[in-house]
Every structure is written in C-alpha cells, then in structure tokens.
Amino acid sequence: MTSALTIVQVAVSAQRNLQALATHERFLRQRGELTPTAIGGIRAYSAVENARLDVCAEHFAALQPANDLAFEQSPEHA
Numbered sequence: 153m154t155s156a157l158t159i160v161q162v163a164v165s166a167q168r169n170l171q172a173l174a175t176h177e178r179f180l181r182q183r184g185e186l187t188p189t190a191i192g193g194i195r196a197y198s199a200v201e202n203a204r205l206d207v208c209a210e211h212f213a214a215l216q217p218a219n220d221l222a223f224e225q226s227p228e229h230a
C-alpha cells in the first residue's frame with residue numbers, strides 16, 4: 153500500500169507543477185506570446201497534474217488511521 157509520505161510527495165509535486173504552469177502562462181500572456189498552441193499544451197499538462205491531485209485525494213481517503221484514537225468512535229460517558 154502507498155504510504156502517506158509518498159502520496160504527499162506526489163501531491164506537492166503536482167501542485168508545484170501547476171503553480172509553475174500558471175507562472176509561465178502569465179509570463180507568456182504579458183509578453184503577448186500566448187498562442188493557441190501554447191494554451192493547448194498548458195491545458196493538457198494542467199489536466200495531467202490535476203488528475204495526479206485527484207488520485208492523491210482518493211488515496212488519502214482510502215488510508216486507514218493507525219492507532220489514532222481521534223478516529224475511533226467511543227461511547228459518550230454519562
């Protein structure tokens with residue numbers, strides 16, 4: 153099973169890539185060099201990175217907390 157640390161590393165990597173893409177897109181737009189081809193490439197790459205984030209979210213949701221009493225339901229004490 154994939155560890156939480158590995159999932160976090162993938163998620164952080166994807167988020168950094170998305171941030172770099174946004175910065176690059178802004179740079180191209182400011183210089184007037186944002187072509188339809190560039191927009192298509194940025195959108196395609198962004199879709200891949202967003203898919204990576206979606207998979208990370210699914211993996212996090214599937215993790216079972218180990219030895220964490222905060223996640224265990226206990227009866228209310230009267």
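Counting in this note's numbering, the final residue of the sequence shown is number 230, and the numbers go up one at a time with none missing. In this text, a Cβ means the ideal position worked out from N, Cα and C, and glycines have one as well.
#1: L205 and A166 - do their beta-carbons sit closer together than 8 Å?
#2: Which residue from A196, N169 and C208 puts its Cα closest to that of V160?
#3: With the cut-off set at 8 Å, would you say E201 and L170 are in Cβ contact?
#4: What residue range is occupied by the uninterrupted alpha helix (DSSP H) comprising S155?
With the structure as the only source:
#1: For the purposes of this step, residue 166 is taken as the residue at position 14 of the sequence shown. For the purposes of this step, residue 205 is taken as the residue at position 53 of the sequence shown. Contact flag set, yes.
#2: Position 8 of the sequence shown, counted from the start, is the residue given in the question as residue 160. Just measuring C-alpha positions, the residue of A196, N169 and C208 sitting nearest V160 is C208.
#3: Within the sequence shown, numbered from 1, the residue matching residue 201 stands at position 49. Within the sequence shown, numbered from 1, the residue matching residue 170 stands at position 18. It is a contact, given that the beta carbons lie within the stated cut-off.
#4: Translated into the one-based positions of the sequence shown, residue 155 becomes position 3. Note, S155: premise wrong, no alpha helix (DSSP H); not H, not E.
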